Amino acid sequence: MNPKIDIKVFQADNGDCPYLQKRRWCSYVFYSDKLQPGIYESLLDQGFRRSGTIFYKNNCPNCKLCIPIKIPVNVFQISRSQKRVLKQNQDVIITKEPLAFDFESFNLYKKFSEKRFSTAIKEEEYHEFLAQSAVDTIMMKYYSEGKLIGVGWVDILVNALSSVYFAFDPEISKRSLGVFSLLKEIELARSLNKQYLHLGFWIKNCQTMEYKAKYHPHLLLINDEWMYH
């Protein structure tokens, strides 16, 4: 059982929604430099996520389209197309490292963000978003022929893993490294005897988020209840 903790939760208006046009992004927010894995796992199951040491739960006016999603890894069924992605990336070597700042990962994330979102990234922003954590976090690094081609940030919790973010070299997008990385995170969860892999939010008809529902079966948090799909 997790000990009770005092958390001061604030309501925040974060500006325009990063996923859907003409909508505002509002959330409940709290800050923590250190949070026990079991407590964060309980918060995940209530719809919270984290960005660095900022924890938040969406509370947008007249919108509930961001739906938390997780994969029950022990009953996950890989699809034919996902098997092809595994085969396509057989040459990739994966390392697992403790969370730390390194310029190799930063430069890859910077390149990924600038190409995909036309967003200039500063080192300070990267550090706040990905290089610090209030829970146990690892970096999964993906190499091909000695070159870093992808980095995934994964939280290690009591009964689950949480996929924080994944960045890849946009010059090799045909490899489908985003699909590959989630398959490898599912493998990692199984090897660690975890029950679930949390994927964050799923948004129907949103190109950057809809892919998450292609992993079957999965559970969606709808009206405070996890439901199989």
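To convert, note that position 83 of the sequence shown is 583 in my numbering; the numbers rise steadily by one, no gaps. Glycine included, every Cβ here is placed at the ideal spot set by N, Cα and C. Only a predicted model underlies this, so the values are computations on that prediction, with no experimental measurement involved.
Check                                                                                         : Outcome
Same chain, Cβ closer than 7 Å to Y728, neighbours up to 5 away in sequence not counted       : P717 and L719
Check whether L677 and Y642 have beta carbons under 8 Å apart                                 : yes
Contact check, Q529 vs Y556, beta carbons under 8 Å                                           : The question names Gln, but residue 529 is Val in the sequence shown. A contact, by the Cβ cut-off of 8 Å.
For D591 and R523, the rounded distance between their alpha carbons                           : 42 Å
Three-state secondary structure (DSSP) of A620                                                : coil
Any 3 or more C-beta pairs closer than 8 Å across the stretch 654-668 and the stretch 536-548 : yes
Terminal residues of the beta strand (DSSP E) in which I638 lies                              : T637 to S644
Pair within 8 Å by beta-carbon distance, G552 and F629                                        : yes
Straight-line Cα distance separating L699 from V664                                           : 8 Å
Spatial distance of A634 from D655 (CA atoms)                                                 : 10 Å
DSSP three-state assignment for A634, whether helix, strand or coil                           : coil
Same chain, Cβ closer than 7 Å to I672, neighbours up to 5 away in sequence not counted       : I649
For G547, the three-state DSSP class (helix, strand or coil)                                  : coil
Beta-carbon spacing of F680, V585 below 8 Å                                                   : yes
Backbone CA spacing between P568 and M709 [nearest angstrom]                                  : 11 Å
Nearest candidate by alpha-carbon position, reference A689, set M640, E614, I722 and W702     : M640
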